[in-house]
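To start, the structure itself, in structure tokens.
Protein chains: 2
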Amino acid sequence: MPNSSTALGSLKAFLVGKPIPSRLADQQRLSRVTGLAVLSSDPLSSVAYATEEILRVLVLAGTGALWIASPIAAVIAGLMIIVCFSYRQTIHAYPGGGGAYSVARENLGTQAGLIAASALLLDYVMTVAVSIAAGVAALTSAFPQVHVNRVELALVFVAILAVGNLRGVRESGRIFAVPTYFFIGMMVLLITGGALRFLLGDVAPVPPPEAVGPAGNLAVLGVFLVLRAFSNGCTALTGVEAISNGVSAFRPPEARNAAATLMLMIGLAVTMFLGTTLLAQAYGVVPVDDETVVSQLARLVFGGRGVAYYLVQAATMLILVLAANTAYNDFPRLSSIVARDKFMPRQFMNQGDRLAFSNGIIVLSVLAGMLLVFFQGDTHALIPLYMIGVFVSFTLSQAGMVRKEWRERPARWRAKVAINAVGAVSTGVVLVVVAATKFSEGAWLILLLIPVQVAVFKAIRAHYRLVGRQLSIDGWRAAPVLHHTVVVPVGGMNRAVAEALRYARTLTGDVRAVYVDVGRRSREEVRRDWLEHGMGIPLDILESSFRSLLSPLMEYIDRVRGEEPDSFLTVVLPEFVPARWWHHLLHNQRALLIKAALLFRSNVVVVNVPYHLRR
Amino acid sequence: MPNSSTALGSLKAFLVGKPIPSRLADQQRLSRVTGLAVLSSDPLSSVAYATEEILRVLVLAGTGALWIASPIAAVIAGLMIIVCFSYRQTIHAYPGGGGAYSVARENLGTQAGLIAASALLLDYVMTVAVSIAAGVAALTSAFPQVHVNRVELALVFVAILAVGNLRGVRESGRIFAVPTYFFIGMMVLLITGGALRFLLGDVAPVPPPEAVGPAGNLAVLGVFLVLRAFSNGCTALTGVEAISNGVSAFRPPEARNAAATLMLMIGLAVTMFLGTTLLAQAYGVVPVDDETVVSQLARLVFGGRGVAYYLVQAATMLILVLAANTAYNDFPRLSSIVARDKFMPRQFMNQGDRLAFSNGIIVLSVLAGMLLVFFQGDTHALIPLYMIGVFVSFTLSQAGMVRKEWRERPARWRAKVAINAVGAVSTGVVLVVVAATKFSEGAWLILLLIPVQVAVFKAIRAHYRLVGRQLSIDGWRAAPVLHHTVVVPVGGMNRAVAEALRYARTLTGDVRAVYVDVGRRSREEVRRDWLEHGMGIPLDILESSFRSLLSPLMEYIDRVRGEEPDSFLTVVLPEFVPARWWHHLLHNQRALLIKAALLFRSNVVVVNVPYHLRR
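Quick mapping for you: the protein sequence lines, in order, are chains A and B. Counting along the first sequence from 1, when you hit position 429 you're at 589 in the numbering used here, and nothing is skipped either side. Counting along the second sequence from 1, when you hit position 272 you're at 432 in the numbering used here, and nothing is skipped either side.
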């Protein structure tokens, strides 16, 4: 029997892997070690560009202003620690996971929940785009000659991530454990090595800063520029919420494992971010267009482009591209939760053969790919769009926690409220700063998209409710079926028609054959044929003045339907199925046309009776 | 009632016009005046490039060789007259039309007929491509600045012709009568004006020919070059057969009107072709790349680019683009005849609302468009592919006439045989000359395509015969229907499912509902629901270990089918139809998946029972 889906099935098995039975779902959970690798690559990897994004703004006021990077980085590190303790409480309060959406919805209402969901989904798309763009930048810093192909390269990485994630959770953990720990190792090596050489005085002397004092520099810089630099640096915080959203992916005890992983992650991120920023300052690195700051540092610390340099670049590129993987875990999971609440199309709830939410993975890949193409894979152009979503969800999530603890009064509630309130206020302030300083650079787009998306969420829910009410079985009474009429359009006599007539006769006693006279054969001939092979079924011959098969037939069907409006009317279409698909090209698709025309007639049921040709 | 086909219908009405009833078909016939306009633009228009194609070859041997154009043109003119008389006999012998295909098939056998059909169809495609390319060349000669857009321009003209012809026969006659007669007028003006100024000595002296005699020139040229020039000039003959193919499109008496039109057309064509060639020589015109010979002549005769010059260019462009219209009359008509004989897909027989063979028109447009894009709208590159088809059909058609007259011995049969024999032999000789001199320039492609196409024709006919035999009602005996089982897959209880069950119960006593357990609801809950709303129909619950709906269902259906192989098995799918098409995006398309999976199961009938939502 021909089956065109076999080849597609093999391709799917090759790309996605064999199906996993539902009962094995628990074995796909994450340990702390794999959890750190899967969910922490985003915040850890931002070390690769957060320092640089600060310096790129400061350098506008001259190289003498670069020293301000260190105090800014210190403030950001403090913010990271605040957010860490705030989310630690969320993890314990919501061991089922769900993050900002669940917390905000439960404590602040549906509207707040939908804003958080919208912000997070946009954030995940941006995470994929920014991380991959920065990863490609690490690669092109090491090999400047591939710079021209960066969009294509970025799309290849997106494709690899999509396939990896369609294969399922644990395997992506396995794939990604190696690069995450490799990156941590190389950064520790770079920072300690760089610090040692600096302390030993083994460094080329840094050109002396311009002869202006700190106060003078600040005046030159302006408060706005400092705030812009701070906003840029806040990219270091992106992705922190991934662990709290993914609690349920951890092995039991889920909450404890997740909280421990969070603390470890923040500790590493703060150390690496501060280390990189101080090192950049110690070595007097100035941001340039075609080489990243980390690449410059690695060159200076390891004395040129040697083995160690290339290892740092490779690790940076790998962790950045894989940071996108955080979003590949959370976007599909959050989509499925929002879809379960009927705010998104229910297709996002479908788990594939390998337990992955396939549709979410595919939608995320397509959106991120479009962003990369549109912004030509440029990290700096994407950054302004990035942080709005992150800080909206931070603020809503922690404000929700404050509300919850205030109401529920758990043990030590005052301390808990204080911690979450500090978190909510500080991330809220940062949100305002980011929105103000980045508005014209692209943040406006996200500020516009969030309310639009919330409106769409609500429209979708309204639709599902409406459909649900219309389909509800409550109060439904089966009307008695008075009659069943079957109409069989025939174009001549052959085995396919005979089979259809034979089938039609099993359905009801009232079968009517219809022949539309388009002038091909004489009516006498048609009637003679029918007498011989028509099985005694009455034949109606219809006039067609425009050689159209369709309109006389539709008029006839409407007329029959009018006779007894409460009865069923079935149109049985004889159809022969050719042995090869391309044989279809040699046959008129009249059955298809009739079917399409009847699609919008209610109470008419269309049946194709297939007659399979063998050759 | 929502009907998505309304907008499409309006667009069609705007482009194609209102439907024409079958009984008005006769009123769409052509008079001599419109017949000349519709069917003669091809041979008449070749005046615009035939002379130039001769000169382009001769100039390779130096400007001194250009004088040979006149004798070559005289030979070609003689050939045109021979072909004219030969085809005049064909028209009278075959007043039903049909041309080379019918004549060759009837008198020389199926193989010869198919070769002729293939050659003609290729010829028509080339006619569209070459004529439009030359028409665009006339335009770009007058306005050199539009030269860069010639492919786009050519495609616009193809689109205009396609739409014009989809509107039906007579209207295209009307549209095209004006330009044809305008062109004839302008050419007569150009030739008489040019001749007068030449005879009055009112012409800038032509640079004297190089001091070599005719014999010397011939030696320089070589016989091959002369034959190539002759081959190129034979483009003047293309399209002559259009009238004999289209006899049935004329008003009665069809044959007399067609024959008279043919004689008039050849007279005009010979006069204009010879006139242009002699004029080119008198004025010493040398072919150049970016201006046509006719454009140069018009400039010289009318003294620069004045009103008269632009009128000549406009007329040339119009007739050339409209020459393509000849093919738009004949390609669809010939396709429909070949399709009626089952050598081409039967879709080519479909006459649209406006009595035009729509599919033929569309296929012709697409093929010609592809040629124009591939050859970048360059007339000279297309010419070598052009004439093989023309002369193959000339030769076969006239050889067929010889055979017919020899067998039937009509009045004055000896004279008739003589005329057709001269025609057959001379066009056969030209065919060999063209094939030999143009082989490497592209004629090989056509010589390869013709046998391939003939093989495809035969395969199509074999397929139709095979299908016909498999479908033949002869010897068919209706097997008694022992049993009819109906399977209804259900995913829960709602009004769409209830409606499907209600429908299923009218079909047979053996209805079985099936529920696939993918772990969404407990089995007890499902059974409880069923007891309440299941109408007493038995429910089978199937296990699914991979969360797949499809495979357990397919296994179940195969099992049921195995129970009683001779019975009918119907799968009734509940389906709700949303009120708006985009609502489909919000619902899983499970019914579609099940339907696709059942497509290749024979003896299984699939029925969608639609439940229409109102909002």
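Idealized CB from N, CA, C, for every residue including glycine.
Problem set entry | A:Pro162 burial status per 10 Å Cβ neighbour count (16 or more: buried) | Position 2 of the first sequence, counted from the start, is the residue given in the question as residue 162 of chain A. Here the model assigns A:Pro162 a pLDDT of 38, short of 50, so the residue's position is not dependable, and the following value carries that caveat. Flag for A:Pro162 reads exposed.
Problem set entry | Cβ-based contacts, 9 Å cut-off: residues of the region 611–638 of chain B near chain A | Ile620, His623, Tyr624, Leu626, Val627, Gly628, Gln630, Leu631, Ser632, Ile633, Trp636 and Ala638
For this session: Compare the C-beta of A:Glu217 with all C-beta atoms of chain B and state if any pair is closer than 8 Å.
Result: The residue you call residue 217 of chain A lines up with position 57 of the first sequence. Here residue 217 of chain A is Val; the residue named in the question, Glu, does not match the sequence. Not an interface residue.
Exercise. Are the Cβ atoms of A:Ala221 and A:Thr539 separated by less than 8 Å?
Worked result: As a working mapping, residue 221 of chain A is identified with position 61 in the first sequence. As a working mapping, residue 539 of chain A is identified with position 379 in the first sequence. No. Outside cutoff.
For this session: Compare the C-beta of B:Pro162 with all C-beta atoms of chain A and state if any pair is closer than 8 Å.
Result: Position 2 of the second sequence, counted from the start, is the residue given in the question as residue 162 of chain B. With a pLDDT of 38 at B:Pro162, under the threshold of 50, the modelled position of this residue cannot be trusted; read the value that follows with caution. Closer than 8 Å: yes.
For this session: Quick one: using the 10 Å Cβ neighbour count with 16 as the cut-off for buried, is A:Met530 buried or exposed?
Result: Counted from its first residue, the first sequence places residue 530 of chain A at position 370. A:Met530 is exposed by the Cβ-count criterion.
Exercise. Residues of chain A with CB under 7 Å from B:Val386, in chain order?
Worked result: Taking the second sequence and counting its residues from 1, the one referred to as residue 386 of chain B is at position 226. None at all; the shortest Cβ gap to chain A is about 47 Å.
Exercise. Using the beta-carbon count (16 or more within 10 Å), is B:Ala402 buried or exposed?
Worked result: Walking along the second sequence from the start, residue 402 of chain B turns up at place 242. B:Ala402 should be labelled buried.
Problem set entry | Partners in chain B for A:Asn748, counting only beta-carbon separations shorter than 8 Å | Working through the first sequence from its first residue, we reach residue 748 of chain A at position 588. By Cβ distance, chain B contributes Arg506, Gln507 and Asn510.
Exercise. Under a CB-based cut-off of 8 Å, is B:Thr437 close to chain A?
Worked result: If you number the second sequence from 1, residue 437 of chain B lands on position 277. With 8 Å as the cut-off, B:Thr437 does not count as an interface residue toward chain A.
For this session: Under 8 Å by Cβ, that's how I've got B:Gly399 and B:Pro203 pegged, so tell me the actual separation to the nearest angstrom.
Result: Taking the second sequence and counting its residues from 1, one reaches residue 399 of chain B at position 239. Taking the second sequence and counting its residues from 1, one reaches residue 203 of chain B at position 43. The pair is a contact, with the Cβ atoms about 4 Å apart (cut-off 8 Å).
Exercise. A:Thr437: buried (16+ other C-beta within 10 angstroms of its C-beta) or exposed?
Worked result: As a position in the first sequence, residue 437 of chain A is number 277, starting the count at 1. Buried, by the Cβ-count rule.
For this session: Taking the CB atoms as reference points, tell me whether B:Val552 and B:Trp566 lie closer together than 8 Å.
Result: Looking up residue 552 of chain B in the second sequence gives position 392. Looking up residue 566 of chain B in the second sequence gives position 406. Taking 8 Å as the Cβ cut-off, B:Val552 and B:Trp566 do not qualify as a contacting pair.
Exercise. Unbroken alpha helix (DSSP H) runs of length 4 or more, entirely within the region 482–514 of chain B: which are they?
Worked result: Complete alpha helix (DSSP H) runs here, min 4: none at all.
Exercise. Do the region 277–288 of chain A and the region 461–469 of chain A meet, that is, are 3 or more Cβ pairs less than 8 Å apart?
Worked result: By the Cβ rule, the region 277–288 of chain A does not count as touching the region 461–469 of chain A, because fewer than three pairs are nearer than 8 Å.
Problem set entry | Member of A:Gly427, A:Pro738 and A:Phe384 whose CA lies at the smallest distance from the CA of A:Phe245 | One-based indexing of the first sequence puts residue 245 of chain A at position 85. Ranking the options by Cα distance to A:Phe245, first place goes to A:Gly427.
For this session: Flag A:Arg655 as yes if its beta-carbon sits less than 8 Å from any beta-carbon of chain B, otherwise no.
Result: Working through the first sequence from its first residue, we reach residue 655 of chain A at position 495. So yes, A:Arg655 belongs to the interface.
Problem set entry | Contact between the region 477–490 of chain B and the region 601–608 of chain B (3+ Cβ pairs under 8 Å) | no
Problem set entry | is_contact[B:Ala767, chain A] using C-beta, thresh 8 Å | By 1-based counting over the second sequence, the position of residue 767 of chain B is 607. Note that residue 767 of chain B is Val in the sequence shown here, rather than Ala. By this cut-off, B:Val767 is an interface position.
Problem set entry | Which of helix, strand or coil DSSP assigns to A:Thr166 | For this step, residue 166 of chain A is matched to residue 6 along the first sequence. At A:Thr166, the pLDDT of 49 sits below 50, so the modelled position is not reliable and the matter cannot be decided from this model.
Exercise. Residues in the region 718–743 of chain B with C-beta within 7 Å of chain A's C-beta atoms, listed in sequence order?
Worked result: Phe728, Phe736 and His743
For this session: Just the C-alpha distance for B:Gly628 and A:Tyr771, rounded to the nearest angstrom, thanks.
Result: Residue numbering aside, residue 628 of chain B sits at position 468 when the second sequence is read from its first letter. Residue numbering aside, residue 771 of chain A sits at position 611 when the first sequence is read from its first letter. Put simply, the backbone Cα of B:Gly628 is about 13 Å away from that of A:Tyr771.
Exercise. A:Arg192 to A:Val338, Cα distance in whole Å?
Worked result: Residue numbering aside, residue 192 of chain A sits at position 32 when the first sequence is read from its first letter. Residue numbering aside, residue 338 of chain A sits at position 178 when the first sequence is read from its first letter. So the alpha carbons of these two residues sit roughly 14 Å apart.
Problem set entry | Rounded separation between B:Leu349 and B:Val614 - CA only | Position 189 of the second sequence, counted from the first residue, corresponds to residue 349 of chain B. Position 454 of the second sequence, counted from the first residue, corresponds to residue 614 of chain B. Roughly 46 Å separates the two Cα atoms.
Exercise. Taking Cβ positions only, does A:His644 come closer than 8 Å to chain B?
Worked result: Locating residue 644 of chain A in the first sequence gives position 484, counting from the first residue. It does: the Cβ of A:His644 has a partner Cβ on chain B nearer than 8 Å.
Exercise. Who pairs with B:His644 in a beta bridge, going by DSSP?
Worked result: Counting from 1 along the second sequence, the entry for residue 644 of chain B is found at position 484. The partner list for B:His644 (beta bridge, DSSP) reads B:Phe728.
Problem set entry | Straight-line Cα distance separating B:Gly273 from A:Arg683 | On the first sequence, residue 683 of chain A is found 523 positions in, with the first residue counted as 1. On the second sequence, residue 273 of chain B is found 113 positions in, with the first residue counted as 1. C-alpha separation (whole angstroms): 33 Å.
Exercise. Within 10 angstroms of its Cβ, does A:Pro492 collect 16 or more other Cβ (buried), or is it exposed?
Worked result: Within the first sequence, residue 492 of chain A is the residue found at index 332, counting from 1. A:Pro492 is buried by the Cβ-count criterion.
Problem set entry | Alpha-carbon spacing of B:Thr486 relative to B:Trp742, whole angstroms | Within the second sequence, residue 486 of chain B is the residue found at index 326, counting from 1. Within the second sequence, residue 742 of chain B is the residue found at index 582, counting from 1. So the two alpha carbons sit approximately 45 Å from each other.
For this session: Return helix, strand or coil for B:Leu709, following the three-state DSSP convention.
Result: In the second sequence, the residue the question calls residue 709 of chain B occupies position 549. DSSP places B:Leu709 in coil when its eight states are reduced to three.
Exercise. In chain A, what lies closer than 7 Å to B:His693 by C-beta?
Worked result: Looking up residue 693 of chain B in the second sequence gives position 533. Residues of chain A passing the Cβ test: Ile633.
Exercise. Along the chain, where does the beta strand (DSSP E) that runs through B:Glu703 open and close?
Worked result: In the second sequence, counting from the first residue as 1, residue 703 of chain B sits at position 543. Residues Leu699 to Glu703.
Problem set entry | Among A:Pro725, A:Thr211 and A:His744, nearest to A:Val448 - alpha-carbon criterion | Here residue 448 of chain A refers to the residue found at position 288 when the first sequence is read from its first residue. Nearest option by C-alpha distance: A:Thr211.
For this session: Mind the definition here: the region 216–231 of chain A touches the region 386–396 of chain A only if three or more C-beta pairs lie below 8 Å; say whether that holds.
Result: yes
Exercise. Going along the chain, which residues of the region 661–677 of chain B sit with their C-beta nearer than 9 Å to a C-beta in chain A?
Worked result: Leu661, Arg662, Tyr663, Arg665, Thr666, Leu667 and Thr668
Problem set entry | A:Leu733 - partner residues in DSSP beta bridges | Residue mapping note: residue 733 of chain A aligns to position 573 of the first sequence, counting from 1. DSSP output for A:Leu733 lists A:Asn768 as bridge partner(s).
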